[in-house]
Amino acid sequence: EGRVEVYHDGKWGTICDDQWDDRDAEVVCRQLGLSGNPKALSWAHYGQGSGPILLDEVECSGNELSLDQCKKSDWGQQNCDHIEDAGVSCDPFTGSPPQDPAGLLCTAPTRTARCGGREQAAEGTVRLAGGRSPSEGRVEVYYNGDWGTVCDDGWTDLGAQVVCRQL
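Position one of the sequence shown corresponds to residue 1015 (the numbering used here), numbered consecutively onward.
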C-alpha cells in the first residue's frame, strides 16, 4: 500500500486522484503482481509526493494488465496539486467483508470449506482439477452451488492469466 508513482520519460511522478477508483487500484495491484482486495485512496492518503504529477483522469475498466492500457490524460497533462495524489492498498484485509445477514456463510470468500457435510465456496471461486500438480489442470468455477467447467471457445493466455491471479 502507498502513494502510486509512475516512471515516464526518465522521471518519477504521481497520479492525480480525479476519477481514481477501485478499478484503477485493481490494475495497479495487478501490475505490481500483488493480490488482495484493491482499494483506491484519494486526497494524498499516504502523503503528498513531490516533483511532477504525470497522470490525471485515469479511468480503468479493471481488466487491464497495466495503467498504460487505461483511458487517461496525456502524460503531464493535469490540473491538480499534490494534495490530490492517488494511493492504493492491495492488502488482503482492506476489502469489505462478505455480506451474510442470515449468518449462513461457512467460508472465506476465496477459499472452499466443508460446511454441513458439503463443500462450500464463494460464487465465482476458481480451481484447477485433474492436473499433475496444483498449478495445472482443467479450470472449474463455483456457481450456484456447483462446480462447472469453462468452455475453451475464445480461451487465450489472457484468460489463463486472470485465473492464475485468482488462484
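Even glycine gets a Cβ: it sits at the ideal position worked out from N, Cα and C. Since we're looking at a predicted model, the values are computed, not measured.
Give the single residue among Gln-1180, Leu-1181 and Gly-1027 whose Cα lies nearest to the Cα of Asp-1099. For the purposes of this step, residue 1099 is identified with residue 85 of the sequence shown, where counting begins at 1. Of Gln-1180, Leu-1181 and Gly-1027, the smallest CA-CA separation from Asp-1099 is found for Gly-1027.
Indicate whether the contact test is met: 3 or more Cβ pairs, each with one atom in the stretch 1032-1046 and one in the stretch 1063-1080, closer than 8 Å. Between the stretch 1032-1046 and the stretch 1063-1080, the count of Cβ pairs shorter than 8 Å is three or higher; the stretches touch.
Nearest candidate by alpha-carbon position, reference Lys-1085, set Leu-1172, Cys-1094 and Val-1072: On the sequence shown, position 71 is the one that residue 1085 refers to. Out of Leu-1172, Cys-1094 and Val-1072, the CA that lies nearest to the CA of Lys-1085 is found in Val-1072.
Alpha-carbon spacing of Gly-1065 relative to Leu-1172, whole angstroms: Working through the sequence shown from its first residue, we reach residue 1065 at position 51. Working through the sequence shown from its first residue, we reach residue 1172 at position 158. Cα to Cα, the separation comes out at about 35 Å.
Buried versus exposed, by CB contacts within 10 Å (16 or more), Gln-1092: On the sequence shown, position 78 is the one that residue 1092 refers to. Result: buried.
Taking C-alpha atoms, which residue in Thr-1139, Asn-1051 and Asp-1031 lies nearest to Trp-1057? Sequence index remark: in the sequence shown, residue 1057 carries index 43 (1-based). Nearest of Thr-1139, Asn-1051 and Asp-1031 to Trp-1057, Cα basis: Asp-1031.
Could you check if Ser-1103 is buried or exposed, using at least 16 other CB atoms within 10 Å of its CB as the buried criterion? Reading the sequence shown from its first residue, position 89 is the one you call residue 1103. The C-beta of Ser-1103 has 16 or more other C-beta atoms within 10 Å across all chains shown, which makes the residue buried.
How many angstroms separate the CA atom of Arg-1146 from the CA atom of Leu-1069? In the sequence shown, residue 1146 corresponds to position 132, counting from 1. In the sequence shown, residue 1069 corresponds to position 55, counting from 1. Looking at the two C-alpha atoms, the distance is approximately 45 Å.
Residue environment, Glu-1040, which counts as buried when at least 16 other CB atoms sit within 10 Å: By one-based count along the sequence shown, residue 1040 stands at place 26. When all chains shown are included, Glu-1040 counts as buried.
7 Å Cβ cutoff, Gly-1076 in contact with chain C: The chain labelled as chain C is not found in the depicted structure, where only one protein chain is given.
Which class does His-1022 belong to by DSSP, given the choice of helix, strand or coil? In the sequence shown, residue 1022 corresponds to position 8, counting from 1. Shown here, His-1022 sits in a strand according to DSSP, grouped into three states.
Out of curiosity, what's the CA-to-CA distance linking Lys-1053 and Arg-1037? Numbered from its first residue, the sequence shown carries residue 1053 at position 39. Numbered from its first residue, the sequence shown carries residue 1037 at position 23. Taken atom to atom, the span from the alpha-carbon of Lys-1053 to that of Arg-1037 is near 8 Å.
With distances taken between CB atoms, is the gap from Arg-1017 to Gly-1063 smaller than 7 Å? As a working mapping, residue 1017 is identified with position 3 in the sequence shown. As a working mapping, residue 1063 is identified with position 49 in the sequence shown. Result yes, Cβ atoms of Arg-1017 and Gly-1063 sit closer than 7 Å.
Does the beta-carbon of Leu-1181 have 16 or more other beta-carbons within 10 angstroms, so that it is buried, or is it exposed? Position 167 of the sequence shown, counted from the start, is the residue given in the question as residue 1181. Its Cβ having fewer than 16 others within 10 Å, Leu-1181 is exposed.
With 16 other CB atoms within 10 Å as the buried threshold, where does Cys-1074 fall? Reading the sequence shown from its first residue, position 60 is the one you call residue 1074. Result: buried.
So for Leu-1142, helix, strand or coil by DSSP? Walking along the sequence shown from the start, residue 1142 turns up at place 128. In this structure, Leu-1142 counts as strand in the three-state DSSP scheme.
Which same chain residues, not among the five before or five after Leu-1055, have their C-beta less than 6 Å away from its C-beta? Looking up residue 1055 in the sequence shown gives position 41. Its chain contains Gly-1101 as the residues whose beta carbon lies nearer than 6 Å to that of Leu-1055, once the 5 sequence neighbours on both sides are disregarded; these appear in chain order.
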